[in-house]
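Enquirer: Have a look at this one.
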Amino acid sequence: MVLSRFSFFITAIVVYLISACADMRSKEENVADIAKSADQENINTDKDTVVFKDLVRTYEDPERGVWQNPDLIIEKFGILSGKTVADVGAGTGYFSFKLASKGADVIAIDIEEQFLDYIAERQQELVNLSGKISTRLSVPNDPLLKEQEVDFILIVNTYHFLEERLSYLSRLRKGLKADGKIIIVDFKTGKQPVGPLEEFKIAKEIVEQELNQVGFMQIQSDEEALKYQFIITAKK
Numbered sequence: 679m680v681l682s683r684f685s686f687f688i689t690a691i692v693v694y695l696i697s698a699c700a701d702m703r704s705k706e707e708n709v710a711d712i713a714k715s716a717d718q719e720n721i722n723t724d725k726d727t728v729v730f731k732d733l734v735r736t737y738e739d740p741e742r743g744v745w746q747n748p749d750l751i752i753e754k755f756g757i758l759s760g761k762t763v764a765d766v767g768a769g770t771g772y773f774s775f776k777l778a779s780k781g782a783d784v785i786a787i788d789i790e791e792q793f794l795d796y797i798a799e800r801q802q803e804l805v806n807l808s809g810k811i812s813t814r815l816s817v818p819n820d821p822l823l824k825e826q827e828v829d830f831i832l833i834v835n836t837y838h839f840l841e842e843r844l845s846y847l848s849r850l851r852k853g854l855k856a857d858g859k860i861i862i863v864d865f866k867t868g869k870q871p872v873g874p875l876e877e878f879k880i881a882k883e884i885v886e887q888e889l890n891q892v893g894f895m896q897i898q899s900d901e902e903a904l905k906y907q908f909i910i911t912a913k914k
């Protein structure tokens, strides 16, 4: 009987030690998995930061001012003082800040919150533009404009990203006040040193047709002013 109890005692200890070791290994593996996940998250965050900084450098490249000629585009709106402009696909606010400096109240619209944070931070540094630019996080198929909220809409280097273009244009049109104006600037088809791949470009004629389909009027195109891009203006 004593031997039997002793054997039971030893067996219990062995089972306990095996269980404890297994539990310890499980905890160590969990810690390792958590550490690995955290490392991967840090790597992904670092990559996102690098990509974002590269985009900022590209969007704010001084050479862009040469081939895009933002002042020429903005002049097509006419008087901006006291007007509200939606800068759709605002990115770093390249045009938003220029529009605000001309007297417009700007709604910088983008689907990437990181860009809107960048605009907000920059605006804090520019005392003369304080309160002139508001940011709005939108969704891919809707700019989230209120009805008749803005006088003008500007879409630069963004139209070819839109997926449901007709419904998107319809929503933009509703957001314009009576006699409001929209300007769309995008890349000409054909090989260019700047802009998206050819397969992503949208021909000027298609943009004109789509504007007409949703009810825009007085559609005018300018293919001469900019070397690599067309400028299309239309009214509500």
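When we follow the working numbering, the leftmost residue of the sequence shown carries the number 679, and every step to the right adds one. Beta carbons are placed, not taken as given, at the ideal position from N, Cα and C, and that holds for glycine.
Using the beta-carbon count (16 or more within 10 Å), is F878 buried or exposed?
Expert: By the neighbour-count rule (16 or more Cβ atoms within 10 Å), F878 is not buried but exposed.
Enquirer: Under a three-way DSSP split, which group does Q896 fall into?
Expert: It is a strand residue.
Enquirer: Identify every run of the beta strand (DSSP E) within the stretch 837-911, keeping only runs that are complete inside it and at least 3 residues long; order them along the chain.
Expert: For the stretch 837-911, whole beta strand (DSSP E) runs of length 3 or above, ordered along the chain, are 854-865 and 895-900.
Enquirer: If distances are taken between C-alpha atoms only, which option among E791, D739, I757 and K754 comes closest to Y772?
Expert: Cα-wise, what sits closest to Y772 is D739.
Enquirer: Measure from the alpha carbon of K917 to the alpha carbon of each residue in G760, W745, L832 and G853, then state which is nearest.
Expert: Nothing can be reported for residue 917: it is not among the residues displayed for the chain, which extend from 679 to 914.
Enquirer: Go ahead and pull the three-state DSSP assignment for T762.
Expert: Looking at T762 - three-state DSSP - the assignment turns out to be strand.
Enquirer: Answer with buried or exposed for Q801, where buried requires no fewer than 16 other C-beta atoms within 10 angstroms of its C-beta.
Expert: Answer is buried; the Cβ neighbour count reaches 16.
Enquirer: Which residues in the same chain as H838 place their Cβ atom closer than 8 Å to its Cβ, once the five residues preceding and following it in sequence are excluded?
Expert: Counting only Cβ-Cβ distances below 8 Å, and skipping sequence neighbours, we find D864, F865, P874, F878, K879 and I880.
Enquirer: Hey, I797 and I811: beta-carbon distance below 8 Å or not?
Expert: In this structure, I811 lies closer than 8 Å to I797 by Cβ.
Enquirer: Just mark R851 as buried or exposed, buried being the case when its beta carbon has 16 or more other beta carbons within 10 Å.
Expert: Result: buried.
Enquirer: In the DSSP assignment, the beta strand (DSSP E) including D820 goes from what residue to what residue?
Expert: Here D820 belongs to no beta strand (DSSP E), and DSSP marks it neither H nor E.
Enquirer: Should D820 go down as buried or exposed, given a rule of 16 or more other Cβ atoms within 10 Å for buried?
Expert: Counting Cβ neighbours within 10 Å, D820 comes out exposed, since fewer than 16 surround it.
Enquirer: If you draw a straight line from the C-alpha of I909 to the C-alpha of I752, how long is it?
Expert: Going from the Cα of I909 to the Cα of I752 covers about 11 Å.
Enquirer: In chain order, what residues of the same chain have a beta carbon less than 6 Å from the beta carbon of S816, not counting five sequence neighbours either side?
Expert: Closer than 6 Å at the Cβ level, and outside the excluded window around S816, lie I787, I789 and L822.
Enquirer: Go to F755, then tell me how far its alpha helix (DSSP H) extends in each direction, as first and last residue.
Expert: From DSSP, F755 is part of no alpha helix (DSSP H); its letter is neither H nor E.
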